[in-house]
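S.K.: As given, the protein sequences belong to chains A and L, one line each in that order. If you're matching positions, the first sequence starts at 11 in our numbering and goes up one per residue. If you're matching positions, the second sequence starts at 8 in our numbering and goes up one per residue. Ideal Cβ positions, reconstructed from N, Cα and C, are used throughout, including at glycine.
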Amino acid sequence: MSDHLSAATLNALADGELTEEELASVTEHLHGCPACTSHALQQSLLKSATERAGQRYEVPDELRRRMERIASSQSTPGRMVERRRSSLLSPSDGPAKWAGWAAVAALLLSAGGMAVFEVNERRVQTAAVQRKAIATELSDQHIATLAVNLPPQVLSSDRHTVKPWFQGKIPFSFNLPDNLPEGTKLEGANLVYLHNRPAAQLLYSIGSHRVSVFVQQRTTGTEDHAPAAEQEGFRLSSFNTRELDVVAISDVDPANLANLIGLIERAQVR
Amino acid sequence: MTLLPWKRATRETNARPSSFEDLAMPLLPALYNVAHWLTRNPSDAEDLVQETFLKSLRGFASFEAGSNFKAWIFRILRNTYLTSRSGLAARRTVALEEELREDGESAPAAYPEGAIDRETPELNLIRLADRAALHGAMEKLPPPLLEVVLLCDVEEMKYKEIATILEVPIGTVMSRIARARAHLRESLESNSFHKGFRA
């Protein structure tokens, strides 16, 4: 038996299944064991990547409607009673009948207004969730890149090497800036996948800080969901063109990050 | 970029709903997602979800208010799957009982240190943003391992809930999770090796 944490413990750690005492003991071990820390990180990354990849299939609209009908059938008898009761109104009900109709109309208008409000509210919430999800995926990818000791897939500071490397690998093209500010350097690039679509991950360094710039094709009908400005202590800065979505993520100060993303944005209009 | 809305939907169920509709509809996206993974085709997945809804609606009177509705309906989905055409076919093609030792107590011995290869370069594993590769790796999992990954990682259920749904001891759940992750890691590493990452 080695001194390292067992696979079962690492799994339980990633799954949040350790008791407080176990967690304290594991945390203490991780402080002094880089190997186990690395494996714990791997487990955690594998779990979160599996979680994202597992969310694969959307409910078809027709199935949703069918299930709504089935699920709501439970309360159908009550509705039937209501309908029957309303049909008992006779023509002789006179003003009372019209007052009833007016009340129904007012109710419908009010319900319509509420429905529109709810749809808008839901849209706002969905956009917020999407922004957060994009930021999470980008930060996961950035952290994963920082965590490994291996060089990028294309290791070069020459934009004339980095850009052509993507030919045939991604279905779009982009420009890289000619001149970078002092202390800023292109380190290389990786081909990655974000939301199951290929993206170029450009790796820069600004001083001792690392920056990932993700460039992805803008799809038809894509709504403008810029990622959240901050995620797990990293700052994000983005822009988009008619063809591209570009997001930079780093722990460097915001001014330097904005400067770099500004240079990349200007390079696209060449 | 798009995000499947089901995850959020399943988490926003704390408003003390009480009718079947209120409890079941927010779980529909998650149920369909798991059903599609298990059956591997949309038509069978729709049938499975519909059958699950009908069965759970019929049995809703016996559902104990305040207990775990999500675990309850997933258990119905899973049992319905096992007796479905695709479920029976999957069970026939996978030598489940031989491949997986179901005795939870002895399970840890099956993956002592081998489940995590400590010499494996991290990078091969961490190319996890390649969702196509992950989909491929998940598709290769035997059904008992796939379902535990879906419930644990995708549905974020606790081991105890998973044990209830699968009707197995917690030790077996842990064993399957370890095996599933080892399988995924192996597939991804093999995939990375064949693709070659260097320019």
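How big is the Cα-Cα spacing for A/R62 and L/V161?
M.R.: 7 Å
S.K.: Go to A/V221, then tell me how far its beta strand (DSSP E) extends in each direction, as first and last residue.
M.R.: 219-227
S.K.: Could you tell me whether the Cβ atoms of A/Y67 and L/Y88 are closer together than 9 Å?
M.R.: The criterion of a C-beta distance shorter than 9 Å is not satisfied by A/Y67 and L/Y88.
S.K.: Could you confirm whether any beta carbon from chain L is found closer than 9 Å to the beta carbon of A/S83?
M.R.: So yes, A/S83 belongs to the interface.
S.K.: Do you know offhand how far L/M164's Cα is from L/K77's?
M.R.: 10 Å
S.K.: Check the Cβ of A/E61 against every Cβ in chain L and list those closer than 8 Å, keeping chain order.
M.R.: D160, V161, E163
S.K.: Is A/I80 close to chain C? Criterion is C-beta to C-beta, closer than 9 Å.
M.R.: Checking the listed chains, one finds no chain C in this structure; the protein chains it contains are A and L.
S.K.: In this structure, does DSSP put A/Q211 in helix, strand or coil?
M.R.: In this structure, A/Q211 counts as strand in the three-state DSSP scheme.
S.K.: Using 8 Å as the cut-off, can you tell me whether the region 196-213 of chain A makes contact with the region 134-154 of chain L, which would need three or more C-beta pairs spanning the two stretches below that distance?
M.R.: yes
S.K.: State yes or no: is the beta carbon of L/L173 nearer than 9 Å to at least one beta carbon in chain A?
M.R.: no
S.K.: Between which two residues does the alpha helix (DSSP H) harbouring A/A29 extend?
M.R.: Looking at the sequence itself, residue 29 of chain A is Thr, so the reference to Ala does not match. Counting along the chain, A/T29 falls outside any alpha helix (DSSP H), and DSSP gives it neither H nor E.
S.K.: Checking contacts by CB at 9 Å: is A/K57 closer than that to chain L?
M.R.: yes
S.K.: Throw me the rounded Cβ distance for the A/L213 and A/T146 pair, which I believe falls under 8 Å.
M.R.: Actually they do not touch by this definition, with Cβ atoms about 20 Å apart.
S.K.: Starting from the beta carbon of L/H43, find every residue of chain A whose beta carbon is closer than 8 Å, and list them in chain order.
M.R.: Neighbours of L/H43 on chain A, chain order: R66, Y67.
S.K.: Just curious, the alpha helix (DSSP H) that L/V56 is in, first and last residue?
M.R.: 49-65
S.K.: With DSSP as the reference, please indicate the residues paired to A/L201 in a beta bridge.
M.R.: A/A210
S.K.: Using a C-beta to C-beta distance shorter than 9 Å, which residues of chain A count as neighbours of L/V156?
M.R.: T60, G64
S.K.: One question on the structure: do A/E197 and A/S167 come within less than 9 Å of each other, judged by their Cβ atoms?
M.R.: yes
S.K.: Is A/A17 close to chain L? Criterion is C-beta to C-beta, closer than 9 Å.
M.R.: Cβ-Cβ to chain L under 9 Å: yes for A/A17.
S.K.: Report the rounded CA-to-CA distance for L/S26 versus L/S74, giving the unit in angstroms.
M.R.: Between the C-alpha atoms of L/S26 and L/S74 there is a straight-line separation of about 14 Å.
S.K.: Less than 9 Å separating the beta-carbons of L/L195 and L/V156?
M.R.: Remark: C-beta atoms of L/L195 and L/V156 do not approach each other more closely than 9 Å.
S.K.: L/L34 touches chain A at which residues, Cβ-Cβ below 8 Å?
M.R.: Going along chain A, no residue has its Cβ under 8 Å from L/L34, so there is no contact; the nearest lies around 10 Å.
S.K.: From the DSSP secondary-structure annotation, give me the bridge partner or partners of A/E240.
M.R.: A/E240 is bridged to A/R245.
S.K.: Taking A/E282 as the query, report the chain L residues whose CB atoms sit under 8 Å from its CB, ordered along the chain.
M.R.: Look at the range of chain A in this structure, 11 to 280, and you will see that residue 282 of chain A is not part of it.
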